[in-house]
Amino acid sequence: MSIRNDSEKPEIKNVLITGASSGLGLAIAQRLMPCEDLRLILTARETSMSRFVELGLKESDRVLLRPLRVNTDAERRNVVREVDERWGGVDVLINNAGVAYRAVMEHLQTEEIDRQMEINFSAPLQLIRLVLPGMRRKRQGRIINVSSVGGIMAMPTMTPYSASKWALEGVSEALWYEMRPWNIRVSVVQPGFIRSSSFLNTRMTEASRDSLENVDDPYHSHYFYMERLIRKYMNNALATPETVARKIEQVMRARNPPLRVPATPDAYLFAMLRRIIPRPIFHRILYQALPGIRDWGENNHLDR
Ligand SMILES: NC(=O)c1ccc[n+]([C@@H]2O[C@H](COP(=O)([O-])OP(=O)(O)OC[C@H]3O[C@@H](n4cnc5c(N)ncnc54)[C@H](OP(=O)(O)O)[C@@H]3O)[C@@H](O)[C@H]2O)c1
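Going letter by letter, the sequence shown gives residues 19 to 322 in this note's numbering.
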């Protein structure tokens, strides 16, 4: 399958993927690698570039491997400028790179909140700003922002992560309206739990780590039960990076991609529940369903 223009001829499209050296980004890269109607710009942090070589992903006349820390203005500009000069601009931007801090509000420093918002929200926005003029001139383009179920429903102990994905959803929705006159399609892909080791990459703050290790900390149960729940669901999830990558390719190639795309079975379920259950009832049900909720804030009767 290929993206087609109005005259139905397959066109070569230039696809820029952020965070392409691991997890979902890597799965997208590996999936798109054999597609001859695409040129790929696979980007990763400088320190992770060696993984491309280890994984056998090599440069070619249709693949560029470039360092890109998404939260660094100069690197963003360099990559986009090079694609403009070499291949005539980015046609598809996949904002995949992201980080997740695991901490309740009291356990976050300003720096950590800023870092979370910078990588998951501001950086995708800045990249979008750089590629839009070219897309507008061509009167076509695709922007795919990787959000999360955390962008549909905020999760305790993931406060700034939820905020960053909600913000990304808001921007995507506004952009969907703004860019439609130029045939630039914006989608926000929402994975739920993915069976992968990504959970190991979630960042704890000093205070949240201390709390998880200290049963007497007022927030200990929050972390203890949520960690156990997330780990269990991630280990048993039906979705894998590969199934989500397939979904992203479908979105990329769809003539009329939807704005919001739940990308895993649990994401579909939560999106549906969120639509049909009145908000106050939804929040009450979810609160009651939180693991070990009777122990939260207590720490006296941990059921382990
Ligand atoms: N895994 C899940 O269950 C899940 C669920 C919902 C949504 N998501 C979303 O899916 C996306 C991919 O996550 P994943 O599951 O593949 O997690 P992951 O394995 O931790 O991958 C995250 C990627 O982002 C990159 N990254 C982090 N900071 C960066 C920076 N400053 N500049 C450039 N790249 C940076 C990482 O690079 P390094 O390897 O160099 O650190 C890594 O390649 C994220 O947006 C995440 O929020 C994941």
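Each residue gets a CB set at the ideal place from its N, CA and C atoms; glycine is no exception.
Any non-hydrogen atom of ligand 1 closer than 7 Å to residue i Cβ
i, result
"Ala118", "yes"
"Pro283", "no"
"Asn232", "no"
"Gly188", "no"
"Ala185", "no"
"Met252", "yes"
"Ala289", "no"
"Leu86", "yes"
"Leu60", "no"
"Pro280", "no"
Beta-carbon contacts of residue i that lie in its chain and below 7 Å, excluding the five residues immediately before and after
i, result
"Val204", "Ile161, Ser190, Leu193, Trp194, Met197, Leu277"
"Ala285", "Val167, Gln208, Pro209, Gly210"
"Val102", "Residue identity differs from the one stated: residue 102 is Asp in this sequence, not Val. Once the five neighbours on either side are set aside, the close Cβ partners of Asp102 are Gly152."
Three-way DSSP call (helix, strand, coil) for residue i in this model
i, result
"Gly159", "strand"
"Ser78", "strand"
"Pro52", "coil"
"Ile295", "coil"
"Ser205", "strand"
"Thr65", "helix"
"Tyr237", "coil"
"Leu218", "helix"
"Val269", "helix"
"Leu256", "coil"
Anticipated Cβ contact below 8 Å, residue i with residue j, distance rounded
i, j, result
"Ala115", "Gly43", "7 Å"
"Ile395", "Val97", "The displayed coordinates of the chain run from 19 to 322. Any statement about residue 395 would go beyond what the structure contains."
"Arg157", "Trp105", "So it is not a contact: roughly 18 Å between Cβ atoms."
"Leu148", "Arg94", "6 Å"
"Gln144", "Asp91", "7 Å"
"Pro309", "Tyr243", "4 Å"
"Tyr179", "Tyr241", "About 14 Å separates the two Cβ atoms, so there is no contact after all."
Status (buried if at least 16 other CB within 10 Å, exposed otherwise) for residue i
i, result
"Asn219", "exposed"
"Leu34", "buried"
"Asn254", "exposed"
"Thr36", "buried"
"Ile170", "buried"
"Ile294", "exposed"
"Gly12", "No answer is possible for residue 12: the residues shown for the chain start at 19 and end at 322."
"Tyr237", "buried"
"Leu287", "exposed"
"Ala307", "exposed"
Cut-off 6 Å between Cβ atoms - residues of its own chain near residue i, not counting five sequence neighbours on either side
i, result
"Ala263", "Ala45, Ile46, Arg49"
"Leu256", "Pro283"
"Leu86", "Thr61, Glu93, Val97"
"Arg213", "Ala255, Thr258"
"Glu100", "none"
"Met123", "Thr177"
"Arg80", "Arg57"
Close Cβ partners of residue i (< 8 Å) along its chain, the five nearest in sequence each way excluded
i, result
"Glu316", "Ser239"
"Leu304", "Met171"
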